[in-house]
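Line by line, the protein sequences give chains E and V.
Numbered according to my numbering, the first sequence spans residues 1 to 203.
Numbered according to my numbering, the second sequence spans residues 204 to 343.
Report on the following structure.
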Amino acid sequence: MSIGGKIRAFAEVASNFFHKPASVEEAYGFTADNFRWLPRRDDDLCTGCGACYERCSGGATNIKDVGEYRTVTIDSLQCIFCGRCADVCPEKALDLMIAEKSADASDPDSSFTNMMRVSLSHGSEEKKPTVDTTLKLQKCSICGEMMPVTEKYLGVVKERTLRNLKPETAAVIEKDMDRYLKACIACRRKNSLEWDTHPRKWI
Amino acid sequence: MIKFPGSPIKKSPWIYHAHAGGCVGCDIELVACMGPRYDLERLGVKFVSSPRYADILLVTGCVPLHTKPFLERVYQQTPEPKRVIAMGACGTSCGVFIDDENYSIAGPVEKIIPVDVKIPGCPPKPEAIIDGILKVMRKF
Chain E
1 MSIGGKIRAF
11 AEVASNFFHK
21 PASVEEAYGF
31 TADNFRWLPR
41 RDDDLCTGCG
51 ACYERCSGGA
61 TNIKDVGEYR
71 TVTIDSLQCI
81 FCGRCADVCP
91 EKALDLMIAE
101 KSADASDPDS
111 SFTNMMRVSL
121 SHGSEEKKPT
131 VDTTLKLQKC
141 SICGEMMPVT
151 EKYLGVVKER
161 TLRNLKPETA
171 AVIEKDMDRY
181 LKACIACRRK
191 NSLEWDTHPR
201 KWI
Chain V
204 MIKFPGSPIK
214 KSPWIYHAHA
224 GGCVGCDIEL
234 VACMGPRYDL
244 ERLGVKFVSS
254 PRYADILLVT
264 GCVPLHTKPF
274 LERVYQQTPE
284 PKRVIAMGAC
294 GTSCGVFIDD
304 ENYSIAGPVE
314 KIIPVDVKIP
324 GCPPKPEAII
334 DGILKVMRKF
């Protein structure tokens with residue numbers, strides 16, 4: 001090694017005394033800004049439409065209709081944190097805790113680090129974290145059978161449809177809409193001629 | 204066999220990484236754990252090349268049928284006291300391979316050997332892996 005090289009090497013060694021080590025100080029201290037973690041669902045916004053269930057790439061999201069209620073679940077062990085459910089959710093009810101981790105990552109008691117400790121790795125005897133939302137299913141107003149749609153979702157559908165129409169059109173449609181939405185498919189078919197919803201009427 | 208009271212391994216667990224039919228995504232993250240950014244060796248963790256030296260067995264991947272006997276053998280070769288970590292979405296719950304009609308999967312690691320800590324993610328971040336290893340050290 002030449003003398004110039006030695007001097008350069010010595011200068012680098014000397015400068016390293018004033019540098020911080022490259023490694024992360026604590027295991028929880030550093031996370032990337034776009035770090036995705038277990039989806040969290042806002043129960044007030046979720047309508048139980050099932051868009052996340054159709055889009056889930058890991059098969060972690062499940063929908064169970066039991067009795068009068070529908071439960072939307074996410075299996076935390078099967079979730080691969082891809083974020084597709086949050087992308088596709090029409091109500092923006094899902095988020096992947098991206099905001100929280102950047103809040104105060106250095107504080108060990110902040111909600112994100114707590115969440116990491118609780119649910120990132122857990123023993124088999126501990127309870128696994130789940131994200132559950134329970135919603136009420138719509139009962140058919142004619143035959144009384146449970147429909148595979150939630151009450152909340154139908155409310156949102158009605159509101160959105162009316163919003164996009166002209167006010168005078170909306171006023172006409174609004175009366176029939178409740179009757180139509182709250183009937184199951186079999187009852188809609190049966191009463192289609194009576195309700196003027198049969199395609200034959202419109203040809 | 205003599206049993207020592209208290210926890211025998213507190214500071215420097217030796218880990219054997221058993222690859223049981225994964226996509227190597229988890230294994231790449233393990234390599235990232237050993238780099239300068241998330242230096243696992245500063246915590247005393249060392250990866251060994253034989254299960255006979257190991258304290259912790261770290262299994263990645265959904266276990267295919269043809270890997271099952273090898274995984275059982277590796278578990279028997281690991282000396283007591285030993286702990287097992289199942290890593291990744293595949294290791295914890297078979298991930299995308301979870302299907303009752305799947306003919307080639309022997310189920311998640313939990314079905315074959317007892318698991319102490321699970322690290323979910325596809326693949327888990329190095330922070331998650333470090334967290335999991337620290338958790339299993341507390342379980343000794």
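Beta carbons: idealized from backbone N, C-alpha and C, even for Gly.
Residues near residue i in its chain [Cβ-Cβ closer than 8 Å; skip 5 each side]
i                      : result
residue 342 of chain V : 286, 319, 320
residue 165 of chain E : 173
residue 230 of chain V : 220, 222, 263
residue 240 of chain V : 329
residue 15 of chain E  : none
Neighbourhood of residue i by C-beta distance below 7 Å, restricted to the same chain and skipping five residues each side
i                      : result
residue 125 of chain E : With a pLDDT of 47 at residue 125 of chain E, under the threshold of 50, the modelled position of this residue cannot be trusted; read the value that follows with caution. Here the set comprises nothing.
residue 214 of chain V : 247
residue 174 of chain E : 162
residue 205 of chain E : This structure cannot speak to residue 205 of chain E, because chain E is shown only from 1 to 203.
residue 47 of chain E  : 91, 150, 152, 153, 156
residue 233 of chain V : 220, 332
residue 63 of chain E  : 50, 53, 70, 72
residue 307 of chain V : 267, 268
residue 204 of chain E : Here chain E comprises residues numbered 1 to 203, so residue 204 of chain E is not present and cannot be evaluated.
DSSP beta-bridge partners of residue i
i                      : result
residue 190 of chain E : For residue 190 of chain E, which the question treats as bridged, DSSP gives no partner whatsoever.
residue 195 of chain E : The partner list for residue 195 of chain E (beta bridge, DSSP) is empty, contrary to what the question assumes.
residue 95 of chain E  : E:40
residue 222 of chain V : V:263
residue 63 of chain E  : E:72
residue 182 of chain E : In the DSSP output, where bridge partners are listed per residue, residue 182 of chain E has none listed.
residue 161 of chain E : Answer is none; residue 161 of chain E lacks a bridge partner.
residue 146 of chain E : E:139
residue 250 of chain V : V:218
residue 20 of chain E  : Partner(s): none; residue 20 of chain E has no beta bridge.
Beta-carbon proximity of residue i to residue j, cut-off 8 Å
i                      : j                      : result
residue 349 of chain V : residue 316 of chain V : Any property of residue 349 of chain V remains undetermined from this structure, which presents chain V solely from 204 to 343.
residue 41 of chain E  : residue 134 of chain E : no
residue 327 of chain V : residue 291 of chain V : yes
residue 157 of chain E : residue 181 of chain E : yes
residue 268 of chain V : residue 223 of chain V : no
residue 339 of chain V : residue 288 of chain V : yes
residue 49 of chain E  : residue 94 of chain E  : no
residue 210 of chain E : residue 131 of chain E : Outside the displayed range of chain E (1 to 203) lies residue 210 of chain E, so it cannot be described from this structure.
residue 143 of chain E : residue 187 of chain E : yes
residue 263 of chain V : residue 225 of chain V : yes
residue 96 of chain E  : residue 36 of chain E  : yes
Among the options, nearest to residue i - alpha-carbon criterion
i                      : options                    : result
residue 333 of chain V : V:226, V:227, V:245, V:225 : V:245
residue 79 of chain E  : V:337, V:294, V:281, V:329 : V:294
residue 311 of chain V : V:241, V:232, V:274        : V:274
residue 61 of chain E  : E:198, E:3, E:76, E:12     : E:76
residue 177 of chain E : E:71, E:69, E:195, E:200   : E:195
residue 303 of chain V : E:14, E:43, E:59           : E:59
residue 330 of chain V : V:296, V:238, V:217        : V:238
residue 265 of chain V : V:300, V:337, V:335        : V:300
residue 271 of chain V : V:305, V:314, V:284, V:283 : V:314
Check: residue i C-beta below 7 Å from any heavy atom of the ligand FMN
i                     : result
residue 70 of chain E : Questions concerning the ligand FMN fall outside what the structure shown contains, since it holds no ligand whatsoever.
Beta-carbon contacts of residue i that lie in its chain and below 6 Å, excluding the five residues immediately before and after
i                      : result
residue 184 of chain E : 140, 145, 147
residue 219 of chain V : 251, 254, 257, 260
residue 200 of chain E : none
residue 204 of chain E : In this structure chain E extends from 1 to 203, so residue 204 of chain E is not present and cannot be described.
residue 107 of chain E : Unreliable positioning characterises residue 107 of chain E in this predicted model, as indicated by a pLDDT of 46, which lies under 50. The coordinate reading is nonetheless provided below. Correct list: empty, nothing qualifies.
residue 296 of chain V : 311
residue 236 of chain V : 243, 329, 332
residue 281 of chain V : 254, 257, 260
residue 249 of chain V : 217
residue 18 of chain E  : none
Under 8 Å from the C-beta of residue i: neighbouring residues of chain C
i                      : result
residue 252 of chain V : No chain C appears in the structure shown, which is made up of the protein chains E and V.
Any beta strand (DSSP E) of 3 or more consecutive residues that is wholly inside the segment 264-312 of chain V: 286-290
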